[in-house]
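The opening position of the sequence shown corresponds to residue 112 in our numbering, with each subsequent residue numbered one higher.
For every residue, glycine included, the Cβ atom is placed at its ideal position computed from N, Cα and C.
Computed from a predicted structure; not experimentally measured.
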Amino acid sequence: MQNPSQTATARLALSYEACQLAETVRLAVPIQRDELGDRPAAALELAADVLAATARYLEAVVVYARMSGADWPRIAPQLGLSEGLTRIRYGTAETRFRGGTAAVPGDWWRTHLLREPLETALDLDDWVRRHSDEDTGTTPVSGPLSAEVSWA
Numbered sequence: 112m113q114n115p116s117q118t119a120t121a122r123l124a125l126s127y128e129a130c131q132l133a134e135t136v137r138l139a140v141p142i143q144r145d146e147l148g149d150r151p152a153a154a155l156e157l158a159a160d161v162l163a164a165t166a167r168y169l170e171a172v173v174v175y176a177r178m179s180g181a182d183w184p185r186i187a188p189q190l191g192l193s194e195g196l197t198r199i200r201y202g203t204a205e206t207r208f209r210g211g212t213a214a215v216p217g218d219w220w221r222t223h224l225l226r227e228p229l230e231t232a233l234d235l236d237d238w239v240r241r242h243s244d245e246d247t248g249t250t251p252v253s254g255p256l257s258a259e260v261s262w263a
């Protein structure tokens, strides 16, 4: 299989991180019985998970912007950071991605995303259809990517 372009792969990674963030935040909606009595720290633990997922999502957005041609001076103001701090904070993620080592040890899904981008996109299509109230079509993730890259 021909690998999709780095830009398309970065956009797919962004979609994956958005999905993970949404799933993590969704866990905060129900109130667990032990939160109201014995274990109020559960909400804090979940908030830490949401922050970590948000950081991964933002990192994926920055990598996608870089793969799309945005330079650090364009990205930094959007984040409210200096160019130097933005480069320090997100440059390693870009380097990892460009080097093909965007997989996180112990995280099979991110590794799977790099090895099987079409299957990942199809899985995300299913996720979007299950979680969307509006008609997103049958290929809300894989369709736009297929217009840009050859999966075969």
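Given residue i as reference, the closest of the options once Cα atoms are compared
| i | options | result |
| --- | --- | --- |
| residue 219 | 209, 208, 231 | 231 |
| residue 144 | 242, 241, 154, 200 | 154 |
| residue 138 | 160, 175, 181, 178 | 160 |
| residue 162 | 185, 179, 227, 133 | 133 |
| residue 199 | 251, 186, 211 | 186 |
| residue 180 | 246, 142, 118 | 118 |
| residue 174 | 235, 135, 142, 211 | 211 |
Residue environment, residue i, which counts as buried when at least 16 other CB atoms sit within 10 Å
| i | result |
| --- | --- |
| residue 206 | exposed |
| residue 131 | buried |
| residue 193 | exposed |
| residue 244 | exposed |
| residue 258 | exposed |
| residue 177 | buried |
| residue 122 | buried |
| residue 140 | exposed |
| residue 253 | buried |
| residue 112 | Confidence at residue 112 is low in this model, with a pLDDT of 32, below 50, so the placement of that residue should be treated as unreliable; the coordinate-derived value is given next. When all chains shown are included, residue 112 counts as exposed. |
| residue 224 | buried |
| residue 221 | buried |
| residue 235 | buried |
| residue 256 | buried |
N-terminal and C-terminal residue of the alpha helix (DSSP H) that residue i is part of
| i | result |
| --- | --- |
| residue 252 | Residue 252 -> no alpha helix (DSSP H), and no H or E assigned at all. |
| residue 126 | 117-137 |
| residue 239 | 228-242 |
| residue 160 | 152-178 |
| residue 184 | 183-190 |
| residue 207 | 194-209 |
Proximity test, Cβ basis, 8 Å: residue i and chain C
| i | result |
| --- | --- |
| residue 218 | In the structure shown, chain C cannot be found, because there is only a single protein chain. |
Exercise for the section: Could you tell me whether the segment 120-131 touches the segment 231-245, where touching means 3 or more Cβ pairs closer than 8 Å? Expected result: A contact exists between the segment 120-131 and the segment 231-245.
Problem - Segment contact, 8 Å Cβ cut-off, at least three pairs: the segment 170-185 with the segment 193-204 - result: Two segments are said to touch when three or more pairs of C-beta atoms, one from each, lie closer than 8 Å; by this definition the segment 170-185 touches the segment 193-204.
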